[in-house]
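Heads up: the structure comes next, in structure tokens.
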Amino acid sequence: MFRTAFFLSLPLALVLSATPDARAEPAADRPKQMLIVSFDGVADNRLWVKSRDIARRSNAHFTYFLSCAHLIPRADAKTYQAPGQKAGRSNVGFAPNPQDVAVRLDQIWQAHLEGHEIGNHTCGHFDGKDWSKADWLQEFESFDRVVTNAWTANGVGDREPQGWAHFVQQDIRGMRAPYLSETPELVAAEKAAGFAYDASPVARGPQYPEDDGRLARFGLPLIPEGPKQRRIVGMDYNLFVRHSAGLDHPSRSTEFEDRAYQAFRAAFDAQYDGERLPLQLGFHFVEMNGGAYWRTMERLVTEVCPRADVACVTYSQALEMSRDRQAVARASGL
0 MFRTAFFLSL
10 PLALVLSATP
20 DARAEPAADR
30 PKQMLIVSFD
40 GVADNRLWVK
50 SRDIARRSNA
60 HFTYFLSCAH
70 LIPRADAKTY
80 QAPGQKAGRS
90 NVGFAPNPQD
100 VAVRLDQIWQ
110 AHLEGHEIGN
120 HTCGHFDGKD
130 WSKADWLQEF
140 ESFDRVVTNA
150 WTANGVGDRE
160 PQGWAHFVQQ
170 DIRGMRAPYL
180 SETPELVAAE
190 KAAGFAYDAS
200 PVARGPQYPE
210 DDGRLARFGL
220 PLIPEGPKQR
230 RIVGMDYNLF
240 VRHSAGLDHP
250 SRSTEFEDRA
260 YQAFRAAFDA
270 QYDGERLPLQ
280 LGFHFVEMNG
290 GAYWRTMERL
300 VTEVCPRADV
310 ACVTYSQALE
320 MSRDRQAVAR
330 ASGL
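The letter at position 229 of the sequence shown is residue 228 when you use numbering that gives the first Met the number 0, and the numbering goes up by one with no holes.
Now the structure itself:
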């Protein structure tokens, strides 16, 4: 079961090589270990390039939860209005100019072509814990409008890829609520909007998504971390707050990286050697504590994703794999 919890998400927005170990060939009677790596906000164009490079070298596919305010130039901020807010307000700001947006649009499209997934992280990153179903639907409509029209609105309509509108309508299949503010009103709105999955809940540990056939709900797991092995959401910002009270301490970056890596690798190994439940880990497009958590992500991904018995997949891919496995288990009477 999911545990309702509201965890802060960031208001914004060293290459380590590793050789996969010998445990590479999949056992005939064991499913592949799924690892789902996602990023929230996805504003920094430099980190778009970096993450895509990591994935390319590691046989991995990522999910990018986009805040669509990053596709609106600051001069056009008032074209967006969130529920209960004045026009032109956003908790994550806006893009500095159309040129910055054009670069980001290219990155989004290239990521899509490479098999990565784009998800909805709303537009202005407001906490929707008190929003109604209608409020959520208003925000979803704003997201669709902004993303659909982004090329033309930023003066590069002549470069819009063929199939962009279809991509927005059909391939953005899931969302994650800012601050993980998962409520019944959100779930109702997601179903009405036709989303396939929600990645906002928090779960006690790795598990398959709760799936009623209309909407699958993936819970970010609580995992043991640190000397006392206290559980924490498997997300970089939560570690940032625990390790350094949300303040950057680059001088301790290696220490924080080692702690994060030990926690993430232990969570992975526990499933790989155990039940092989999907493991989800979340990140942001900000390199907190001197890049400690991005280096952790890169270490883990480059070590485990090349294995033949590991699948580093998007949420949509994980949903289909989970449904297939559970159908086989039902057919086998397990």
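All residues carry an ideal CB built from backbone N, CA and C; glycine is no exception. If you're wondering where the values come from, they're calculated on a predicted model, not measured in any experiment.
For A195, the CB contacts under 8 Å within the same chain, skipping 5 residues up- and downstream, are R172, G173, L214, A215, S315, L318 in chain order. Restricting attention to alpha helix (DSSP H) runs no shorter than 4 residues, the segment 179 to 242 encloses them at 183 to 192, ordered along the chain. In the DSSP assignment, Q325 falls within the alpha helix (DSSP H) that extends over 314 to 330. Here the alpha carbons of D157 and P223 stand approximately 50 Å from one another. Look at the segment 138 to 176 and you find no whole run of beta strand (DSSP E) that is 3 residues long or longer. The continuous stretches of beta strand (DSSP E) do not include L276, and DSSP gives it neither H nor E.
When DSSP states are grouped into helix, strand and coil, T121 belongs to the coil group. V36 is bridged by DSSP to L280. When Cβ pairs closer than 8 Å are counted between the two stretches, the segment 293 to 302 is seen not to touch the segment 183 to 190, the count staying below three. Contact between V300 and C311 holds, since their C-beta atoms are separated by about 6 Å, short of 8 Å. Comparing alpha carbon positions, the residue from D39, P82, D75, A76 closest to F61 is D39. Here DSSP, grouped into helix, strand and coil, assigns P305 to coil. Using a Cβ distance threshold of 9 Å, R88 and A74 do not count as a contacting pair. Residue state for L104 is assigned as helix, using DSSP reduced to three classes.
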